[in-house]
Every structure is written in structure tokens, then in C-alpha cells.
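Numbering (our numbering), first residue to last: 34 to 198.
Glycine residues also receive a C-beta, built at the ideal position from the N, C-alpha and C atoms.
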Amino acid sequence: MDQRLKKVLWILPVLTLGYISLAYSYPGPGGWGSRFHTFKWWERSEVVQRLKLSDQQVSQIKEIYSDAAKKSIDLRAEFEKQSLELEQLLDRDTLDEDQIAKQVDAVQAARAALAKNHILTRVKIAKVLSPEQREQLETIKKESRERSMRGHPERGPRRPEGPRP
């Protein structure tokens, strides 16, 4: 076996596992968090009040999120299929480097489609908000991250010792 093929045999399984873990860890529509990795801020009354969202805005955001979440399910399935196909190509007795390279491209394209869905969903939701609401939302998210860090000191800077205020 030539050296290039040996390299491919060692690198591709690592890349495949990396892509699979990225796809599963990549945020779905709305950001990082629960099942679809989202902090559904538009469903939290205190956030809706702080942003002064109208009922129409909330409804539009819910629809955008729902459509994107459904699409994300299909995109993840496509990513898994492409990854499985790559694994099967790598498990064959005779390895076709060109076919493997094409399949790596297919895996990457599927992962890119997931990322694109996420980013375009964020853009669509942002377009529903006014510039002031977007700015206020970023402030709310920042505050939420800071509260989360205080609850998990291993994730960030340590809290000062002593009693809490």
C-alpha cells in the first residue's frame, strides 16, 4: 500500500468522527441549548416583555423556528447517511481514493448545509426584530451566559470567594 493511501486510511476515520461530533454539537435553529440546541427566548414572558415583542413578531419567530427545526432534522439525517457511506467505503477491501475523496466532499457538503440552515434561521429571526430589539436581545443573551458561568466556575473565570450578595 502506498504512503498516501495509508495516510488516508488513518486520517479519514478521524475526520469522519470529527464531522459527526460537529454535526451533533452544532446548534440548531435559535442557538445553543436543549433538544434542538435552542434557548427559545421568544417563549419566555420576561424576554418578550423586555424586548417589547408584538404578538405578530412572536408568531413569525415561532414559525421560522419550526420550519428550520424540521429542515434541520432532514439535514442531520442526510449528514448521517453521507457519513455512513464514507465509513462503508473505508471498510472495503479495495479502497478507491477518488471515490473516498468524493464522499468526503459529500460529508462536508452535508455539514455545510446544517451550518447554512442555522445561520439563515438566525438571519430570518433577526429580520423580524428592530435594531433596538436585536441589541437588547444580545444584552439578554450576554447576561444569561454570565449567569451560567457563575453557576459553572469551571467554564470561565472564578467567582470571588466569600458570601454572595
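### Task
Tell me whether R68 is buried or exposed, calling it buried when 16 or more other Cβ atoms sit within 10 Å of its Cβ.
Unreliable positioning characterises R68 in this predicted model, as indicated by a pLDDT of 40, which lies under 50. The coordinate reading is nonetheless provided below. Exposed.
#### Entry: Cβ separation of V91 and I173, assumed to be a contact under 8 Å, to the nearest whole Å
No, V91 and I173 are not in contact; Cβ-Cβ is about 15 Å, not under 8 Å.
### Query
Using 8 Å as the threshold, is the stretch 158-170 in touch with the stretch 123-143, meaning 3 or more CB pairs across them?
no
### Task
Would you mind stating whether S105 and N150 have Cβ atoms separated by less than 7 Å?
yes
### Residue span of the alpha helix (DSSP H) that contains S92, given as start and end
D88 to D124
### Three-pair Cβ contact test at 8 Å for the stretch 105-115 versus the stretch 129-147
yes
### Query
Can you name, in chain order, every residue of its own chain whose Cβ lies under 6 Å from the Cβ of Q136, other than the five neighbours on each side?
E118, L119 and L122
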